[in-house]
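The numbering used here applies: residue 302 is where the sequence shown begins, and numbers increase by one. Have a look at the structure below before the remarks.
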Amino acid sequence: MKIIVGLGNPGIKYAGTRHNMGFSAVTALSDKYNIPFNKKECKSMTGHGFIDGEKVVLAQPQTYMNLSGEAVRALMDFYKCTPEDLIIIYDDVDLEVGRIRIRTHGSAGGHNGIKSIIEHLGTETFDRIKIGVGGRPEDWDMADHVLSRPSKEELPAIREAVDRARDAAIEILNNGADSAMNHFN
Numbered sequence: 302m303k304i305i306v307g308l309g310n311p312g313i314k315y316a317g318t319r320h321n322m323g324f325s326a327v328t329a330l331s332d333k334y335n336i337p338f339n340k341k342e343c344k345s346m347t348g349h350g351f352i353d354g355e356k357v358v359l360a361q362p363q364t365y366m367n368l369s370g371e372a373v374r375a376l377m378d379f380y381k382c383t384p385e386d387l388i389i390i391y392d393d394v395d396l397e398v399g400r401i402r403i404r405t406h407g408s409a410g411g412h413n414g415i416k417s418i419i420e421h422l423g424t425e426t427f428d429r430i431k432i433g434v435g436g437r438p439e440d441w442d443m444a445d446h447v448l449s450r451p452s453k454e455e456l457p458a459i460r461e462a463v464d465r466a467r468d469a470a471i472e473i474l475n476n477g478a479d480s481a482m483n484h485f486n
């Protein structure tokens, strides 16, 4: 079984923001495989089902971003999973809009949701898919940037990146992270 977690902030106020690209990607998985988010557990909205024969839990933490590790730890404890059973999908301001990057380990890189997960798991080794949302404009605060919505010009690239992140998660499930990195990085 795999747990696929899309990071974001709960509530309509944050829907469609750069910081919620992880939510968008797991929603794309939910839509493709008809796995509705119909259960509230472990500080998350979850959906349970199968992707290409692999049992999965799709999760959108209902903590705020900076506390994402609480939800991920709760899910892993409840389902008796290890970090090897985890895929995290999230936004990355260091990647240009529309790019994705897959990694199997590494630091938080300034992302507070990933920092929280690393702290709660005690490891930097877990599969992750980063969705590029672009760096902040020079005169903007970083929080304002990640909580903003992409511009009309950026939306096509963002939508494509969300779909590619969805497909990368499927590739990780079917063939492993190395194969996904070869296809998508």
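Virtual Cβ for every residue (Gly too), placed ideally from N, Cα, C. Please read these numbers as outputs of a predicted model, since none were measured by experiment.
DSSP-derived helix/strand/coil call for residue i
i: LEU308; result: coil
i: THR426; result: strand
i: ALA409; result: coil
i: LEU359; result: strand
i: SER449; result: coil
i: ASP288; result: With the chain covering only 302 through 486, there is no way to say anything about residue 288.
i: LYS416; result: helix
i: ASN367; result: helix
i: ARG268; result: A question about residue 268 goes unanswered here, because the residues of the chain that appear run from 302 up to 486.
i: LEU396; result: coil
i: GLU439; result: coil
Buried versus exposed call for residue i [16 or more other C-beta atoms within 10 Å across all chains shown]
i: ASP442; result: exposed
i: ILE336; result: buried
i: ALA469; result: buried
i: ASP318; result: With the sequence shown as reference, residue 318 is identified as Thr, and Asp is not the correct amino acid for it. The residue in question, THR318, is buried, as its Cβ has 16 or more Cβ neighbours within 10 Å.
Which residues DSSP lists as bridging residue i, in chain order
i: TYR391; result: LYS431
i: ARG404; result: ARG429
i: LYS303; result: VAL357
For residue j and residue i, believed in contact at Cβ under 8 Å, the rounded distance
i: ALA329; j: ILE432; result: About 11 Å; that fails the 8 Å criterion.
Please go through the region 307 to 352 and give each complete beta strand (DSSP E) segment of 3 or more residues, from N-terminal end onward. 340 to 342 and 345 to 352
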